[in-house]
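Notes follow once the structure below has been shown.
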Amino acid sequence: MALADLSSVLKIFGESPVNPEEQQRLYGEVLMMVLARAASSDTNVHADEIEMIQGIVERETGEKITAADIRIAARPELYESVPLRKYLKTVRRKMRPEDCLKVVNALADVIRSDTAISVLEVDFLNRVSDSLRVTPAELMGIHA
């Protein structure tokens, strides 16, 4: 599965500019990475969460992913050398603000799909939102 290899995210640490096609691919990979990590942010991974992630990724990127793809993107060893927050803070500079907002909104949808929301999931949402610099007002759709 192409999104699960996260090649655009890993390449972004270079300083080269991102063209619109690369930007769309980056958005898809960040979306996949964040949602996959959300599924493993608590100990309660439900089938509903997996199905929600699959639906969101397909809707946003046009790519169908499997539960195995989600598990691959959630691998803890991907985040051992550089934590997810650092990845997000770095890629945020190359992403469109509206894509950052869509990632956080999709994350909230996945968290809400669980039967119970844990403190760990809320903390994860807050950390992702902070890393992508998405404000509470933006999440609520309030713009000046």
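Numbering-wise (my numbering), the sequence shown opens with residue 1274 and increments by one. A virtual CB, placed ideally from N, CA and C, is assigned to each residue, including glycine.
Whole-angstrom C-beta distance between residue j and residue i, which should lie under 8 Å
i: S1404; j: R1358; result: 5 Å
i: E1333; j: L1361; result: Incorrect: roughly 17 Å between the Cβ atoms, too far for contact.
i: R1406; j: R1365; result: 6 Å
Closest by C-alpha distance to residue i, when choosing among the options
i: A1346; options: L1398, E1302, V1383; result: E1302
i: P1356; options: M1306, I1338, M1368; result: M1306
i: I1323; options: E1350, R1365, T1339; result: T1339
i: L1308; options: G1328, Q1296, R1298; result: G1328
i: A1312; options: R1406, I1390, S1402, E1411; result: I1390
i: V1383; options: P1293, K1337, D1321, Q1296; result: D1321
i: M1413; options: E1394, A1381, R1400; result: A1381
i: E1394; options: R1298, V1330, E1294, R1310; result: R1310
i: V1330; options: S1354, T1408, I1415, Q1297; result: Q1297
i: E1371; options: K1337, V1392, M1325, E1411; result: E1411
Cα-Cα separation, residue i to residue j
i: Y1300; j: F1397; result: 19 Å
i: M1274; j: I1343; result: Summary for M1274: the model assigns pLDDT 47, below 50, so the residue's position carries little reliability; its value from the coordinates is reported in the next sentence. Going from the Cα of M1274 to the Cα of I1343 covers about 10 Å.
i: A1379; j: E1350; result: 24 Å
i: M1368; j: S1402; result: 14 Å
i: A1417; j: V1376; result: 21 Å
i: N1292; j: G1335; result: 19 Å
i: C1373; j: D1387; result: 22 Å
i: E1294; j: M1325; result: 25 Å
i: R1385; j: S1354; result: 30 Å
i: Y1352; j: A1341; result: 18 Å
i: K1420; j: I1415; result: As displayed, the chain neither begins before 1274 nor continues past 1417, which places residue 1420 out of reach and without an answer.
i: T1363; j: H1319; result: 30 Å
i: V1241; j: P1409; result: Outside the shown range of the chain (1274 to 1417) lies residue 1241, about which nothing can therefore be said.
Residue i beta carbon near the ligand NAD (any heavy atom closer than 7 Å)
i: Y1352; result: The ligand NAD is absent from the structure shown, which contains no ligands of any kind.
Ignoring anything shorter than 4 residues or poking outside the segment 1298-1363, list the alpha helix (DSSP H) runs there in chain order.
-> Those alpha helix (DSSP H) runs which fall completely within the segment 1298-1363 and span 4+ residues are 1320-1334, 1340-1346.
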